[in-house]
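I have placed the structure first, in the form of structure tokens, so that the comments after it can refer back to it.
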């Protein structure tokens, strides 16, 4: 996304990332960094690693970028290069850790979206799943 792109809901994120993930067979984690008005300050690749057969994002990098961008809110989005978009236990654990760290810095983790690379509109939202994330309605 270019700087200043308005992200008002999950559809805006899907519009940006479905085309990107459609042609990849690798896991990619991206951070979307927003200002108070839900406009992008920047988007960055924050992980492609697979450790012990499980994909993970770089927690330190995600937080460092949030501080560098002086952001007020973050959205994590990544793909599952298969038909399922459900998180594995490690993704749940890392998302909770990121939420806790960002909250201590007065930064909201709005959502973590997982998009299936196979099924066009199959995705999982941590905010929709009542995982304690802020969602798109407010920013601290």
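Numbering (the working numbering), first residue to last: 1153 to 1292. All C-beta atoms, glycine included, are put in the ideal place defined by N, C-alpha and C. Fair warning: this is a prediction, and the values are worked out from it, not measured in the lab.
Do residue 1214 and residue 1250 count as a contact pair if the criterion is CB distance below 9 Å?
It is a contact, given that the beta carbons lie within the stated cut-off.
Quick one: is residue 1195 buried, meaning 16 or more other Cβ sit within 10 Å of its Cβ, or exposed?
Classification of residue 1195: buried, given that the 10 Å Cβ count is 16 or more.
Does DSSP classify residue 1278 as helix, strand or coil?
Of the three classes helix, strand and coil, the one that applies to residue 1278 here is coil, per DSSP.
By DSSP, does residue 1229 sit in helix, in strand, or in coil?
Note: residue 1229 maps to strand in three-state DSSP.
How about residue 1231 and residue 1266: do their beta carbons lie closer than 9 Å?
Yes; because the gap between Cβ atoms is below 9 Å, this pair is in contact.
Checking the sheet assignment: what are the DSSP bridge partners for residue 1191?
Answer is 1158.
To the nearest angstrom, how far is it from the Cα of residue 1222 to the Cα of residue 1234?
Approximately 34 Å between the Cα atoms of the pair.
Express the C-alpha separation of residue 1190 and residue 1160 in angstroms, rounding to a whole number.
Near 6 Å, if we compare the C-alpha coordinates of residue 1190 and residue 1160.
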